[in-house]
Amino acid sequence: MAVLAQKKPTTIFEKLADETWRRKFLRNVLIPWLFIAPLLIIHIFVVAIPAVQGVYMSMTDWGGINPNVNFIGLENYHKLLFEDHSFGKSLNNNINWMLFFLTVPFILALFCATMLSQIKRGGMIYRSILFIPYVLASVVTTTIWKNLLNPKDGILATTARALGIEGFEVAFLGRTDTALISIAFIDNWHFWGFLMILFLASMQSIPPVLYDAAKIDGANRWEEFRHVTLPGIRPIVLFMFMMVAIWSFLAFDYIWLITQGGPGGASEVIATQLYKNAFQRFEAGYAAAQGVVISIFAGFIILVFVMLRRRGWDI
Amino acid sequence: MNPPSAPARKQRKPLRAYLQPAFVYALLLLGVVLVVLPLMWAGAASFTPNHKVFEFAYPFSWRALFPVDFTLEAYENLFARGFGRAVGNTFFLAIATVILGGGANALAGFAFGRFEFRGKNFLFLAVIMLTFMVPVDLTAIPRYILVNTFGWINTWQGLLIPGLANSLVIFLFRQFFAEIPQELIDAARVDGASWLRVLISIILPISKPVLVAASLLMFISQWNAFFWPLLVAPRKELRVVQVEISLAIGQYGTIWNELLAGSMIAAIVPILLVIPFQRYYVQAITGTGLD
Chain A
282 MAVLAQKKPT TIFEKLADET WRRKFLRNVL IPWLFIAPLL IIHIFVVAIP
332 AVQGVYMSMT DWGGINPNVN FIGLENYHKL LFEDHSFGKS LNNNINWMLF
382 FLTVPFILAL FCATMLSQIK RGGMIYRSIL FIPYVLASVV TTTIWKNLLN
432 PKDGILATTA RALGIEGFEV AFLGRTDTAL ISIAFIDNWH FWGFLMILFL
482 ASMQSIPPVL YDAAKIDGAN RWEEFRHVTL PGIRPIVLFM FMMVAIWSFL
532 AFDYIWLITQ GGPGGASEVI ATQLYKNAFQ RFEAGYAAAQ GVVISIFAGF
582 IILVFVMLRR RGWDI
Chain H
417 MNPPSAPARK QRKPLRAYLQ PAFVYALLLL GVVLVVLPLM WAGAASFTPN
467 HKVFEFAYPF SWRALFPVDF TLEAYENLFA RGFGRAVGNT FFLAIATVIL
517 GGGANALAGF AFGRFEFRGK NFLFLAVIML TFMVPVDLTA IPRYILVNTF
567 GWINTWQGLL IPGLANSLVI FLFRQFFAEI PQELIDAARV DGASWLRVLI
617 SIILPISKPV LVAASLLMFI SQWNAFFWPL LVAPRKELRV VQVEISLAIG
667 QYGTIWNELL AGSMIAAIVP ILLVIPFQRY YVQAITGTGL D
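Order-wise, the sequence lines are chains A and H.
Just so we're aligned, residue 282 is where the first sequence starts under the working numbering, counting upward by one.
Just so we're aligned, residue 417 is where the second sequence starts under the working numbering, counting upward by one.
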């Protein structure tokens, strides 16, 4: 083949006539795009177009049903950030939610995964059982737990009484000071097993040699965890930190199914407010502005994560 | 995980060596109890006549964990009210999602994992990041409007198609396909196989772990889907299990044993799927390049 001597094809007809060009075109353009096409079409209609429309909607006074739409610029955002006090309250709840989920499930999961990685018999059974709540639907979990936390002598209250502990006879979901944390508890009951399984799998891929070396150096259990286990599972822990932080701003289903943001807005988060504005108060434009703000938060978290990674934090 | 140990020495273990595992087992058992107790109570209550559901639950005693006057009444009433239809609908929807969604995601994962083309990284990030970032209820309204303009409200298409694209599944496929040795593919290409042929007859047969994991993920997420079906297909004939249960809370709020029977049916399917296949699920998720 006299490839080197050949003039590079320039016009479309020359290109089509040139065999190497045709092969390259197939290999590098046509075939990959054909493979991606079905997914891309779905994605464009299901996510991309609605997202763009959502951003546009956030700059209108649209109600949701009537065909009357006026472009009002950033007015919704102004109202949201400077006039609507309930938004600040919801945001605060989102941040509390995030603080809860960045600590409690991570500690539980790390602790249990460490325990499970040590036992030799029955590990698989424990693991399967602890993972079960994660595959249950939110509708199922909340139905069961709303019953268990029944204000009138729920399981928690009666068990505590039987053990002689007072102060648990509380309508946990009906009081402004306990509603949010109770929902977080229920959501965590469902969620933490997932983290545990991920951490456990990651721990099991740490080479045993490292533990032997630590033992020879006279490390105790804590030092072993601190200097061998934790560095070994760091990538997945940090990745889940990012995901949980993002999910905390999107938190919706458990809160909606249990209290719908009540009582008196005590468990209101941005997403439940958005839902009410869009589907109950028919302020779709305003609701969209809230959605865009959530996306910006999520995008910001991803950005921080990516930057830390670039900085060589080896995330 | 045990390192290969030195030849066993005949030596009495110290007491500590027995106590420590016992302590670990006991702690883990506590975790298991916290998971199992609520489910056992719900299961027991679903086999109990409605007026006796709370007999032993408030105040709580161990008898609440076993059915009082065992009866199938709740399940019978539930199915008489058309719950079987919802179960059938959900199965159909979940299986269709696995087949169609699995196809679309696998094709895309193959392109992302095995081809070099301009805009690939940008496209991949845009697809994955956008779905991670954007709250479902922001896009729900415009998506609803879009589906409405297609005339797909209260149709199977409206229920099914928006749930097909799944970022995590694309991720899984891409990762798995990218690690398959090039020689396998080259051999088939030299024999004149098309790329689609390569994917179907060379790659898929050796992709069992990722296929199982992806199917599991898609099946369970569709089985548990709730808000979109509620929004897009409220018609009785198209209702899915989760919607049926959530509506029952409003309509028959006091019939707890039926509500819990419905919840048990909704719960048992993913549990039965995940226990035998858990290994693949974990393997796939931890194998997405995070380790």
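Glycine included, C-beta positions come from ideal geometry on N, C-alpha and C.
Note that the structure is predicted; figures quoted are calculated from it, not measured.
Handout entry: Cα-Cα separation between G354(A) and I561(H), rounded to whole angstroms
Key = 22 Å
Practice task
Taking only the alpha-carbon atoms, compute the straight-line gap between A524(H) and Y491(H) and give it to the nearest angstrom.
Solution key: 42 Å
Practice task
Measure the C-alpha to C-alpha separation of A482(A) and R592(A) and round it to an integer number of angstroms.
Solution key: 27 Å
Problem - Residue(s) in a DSSP beta bridge with F352(A) - result: T341(A)
Practice task
Report yes or no: do three or more beta-carbon pairs, one from the stretch 548–564 of chain A and one from the stretch 333–348 of chain A, lie closer than 8 Å?
Solution key: yes
Handout entry: Integer Cβ distance of N380(H) from V469(H), believed to fall under 8 Å
Key = Chain H is shown only over 417 to 707; residue 380(H) falls outside these bounds and no answer can be derived.
Problem - Element boundaries [alpha helix (DSSP H), containing K305(A)] - result: E300 to F306
Problem - Outcome for W378(A) when other beta-carbon atoms lying within 10 angstroms are tallied against a minimum of 16 - result: buried
Handout entry: Cβ distance (whole Å) where I312(A) is taken to contact F540(H) below 8 Å
Key = Incorrect: roughly 17 Å between the Cβ atoms, too far for contact.
Problem - Neighbourhood of L538(A) by C-beta, 7 Å cutoff - its chain only, sequence neighbours within 5 removed - result: S419, V420 and T423
Practice task
Using a Cβ-Cβ cut-off of less than 8 Å, give me the residues of the stretch 504–529 of chain H that come near chain A, in sequence order.
Solution key: Within the stretch 504–529 of chain H, the residues whose Cβ lies closer than 8 Å to some Cβ of chain A are G519, A520, N521, L523, A524, F526, A527 and F528, listed in chain order.
Handout entry: Per-residue contacts from N309(A) into chain H (C-beta, under 8 Å)
Key = F531, E532, F533 and R534
Practice task
Could you tell me the distance, in whole angstroms, from the CA atom of Y567(A) to the CA atom of M338(A)?
Solution key: 8 Å
Handout entry: Minimum Cβ-Cβ distance from Q658(H) to chain A less than 7 Å
Key = yes
Problem - chain H within 7 Å of I497(A), Cβ atoms only - result: no
Problem - Residue environment, P578(H), which counts as buried when at least 16 other CB atoms sit within 10 Å - result: Buried, because 16 or more other Cβ atoms sit within 10 Å of the Cβ of P578(H).
Exercise for the section: Following the continuous alpha helix (DSSP H) through E504(A), name the residue where it begins and the one where it ends. Expected result: Annotation: the continuous alpha helix (DSSP H) that includes E504(A) extends over R502 to E505.
Exercise for the section: Pick out whichever of I467(A), F520(A), H471(A) and L555(A) has its Cα sitting closest to the Cα of F480(A). Expected result: Ranking I467(A), F520(A), H471(A) and L555(A) by Cα distance to F480(A) puts F520(A) first.
Handout entry: For K401(A), the three-state DSSP class (helix, strand or coil)
Key = In the structure shown, K401(A) adopts coil according to DSSP, grouped into three states.
Handout entry: Contact set between W611(H) and chain A, taken where Cβ atoms lie within less than 8 Å
Key = I312 and F316
Problem - Coil, strand or helix - R590(H) by DSSP - result: helix
Practice task
Name, please, each residue of chain H whose Cβ falls closer than 7 Å to the Cβ of I323(A).
Solution key: A520, I577, L580 and A581
Exercise for the section: Go through the stretch 523–576 of chain H residue by residue and report every complete run of the alpha helix (DSSP H) that reaches 4 residues or more, in order. Expected result: 536–549, 552–565 and 572–576
Exercise for the section: Verify whether the separation of the beta carbon atoms of V550(A) and S367(A) is less than 7 Å. Expected result: no
Exercise for the section: Mark E599(H) as exposed unless 16 or more other C-beta atoms lie within 10 angstroms of its C-beta, in which case mark it buried. Expected result: exposed
Exercise for the section: Output the distance between the C-alpha atoms of P544(A) and V484(H), rounded to the nearest integer angstrom. Expected result: C-alpha separation (whole angstroms): 34 Å.
Exercise for the section: Taking all protein chains shown into account, decide if F566(H) is buried (16 or more other Cβ within 10 angstroms of its Cβ) or exposed. Expected result: exposed
Exercise for the section: Could you pull out every residue in the same chain whose Cβ sits closer than 8 Å to the Cβ of V503(H), ignoring the five residues on either side in sequence? Expected result: V657 and I681
Exercise for the section: Mind checking the stretch 555–566 of chain H against chain A and listing, in chain order, the residues whose C-beta falls within less than 7 Å of any C-beta there? Expected result: T555, I557, P558, R559 and L562
Problem - For E564(A), three-class secondary structure by DSSP - result: coil
Handout entry: Option in H359(A), M396(A) and A332(A) with minimal Cα separation from L554(H)
Key = A332(A)
Exercise for the section: Out of G608(H), G459(H), A522(H) and R534(H), point me to the one whose CA is closest to L488(H)'s CA. Expected result: From the listed residues G608(H), G459(H), A522(H) and R534(H), the smallest Cα separation to L488(H) is found for G459(H).
Problem - For M634(H), the nearest candidate out of F499(H), T513(H) and R695(H) (CA to CA) - result: Taking only the C-alpha atoms, the option nearest M634(H) is T513(H).
Handout entry: Distance between S486(A) and P728(H) (C-alpha atoms, nearest Å)
Key = The first residue shown for chain H is 417 and the last is 707, placing residue 728(H) beyond what the model contains.
Practice task
In angstroms with no decimal places, state the Cα-to-Cα distance between I636(H) and V416(A).
Solution key: 7 Å
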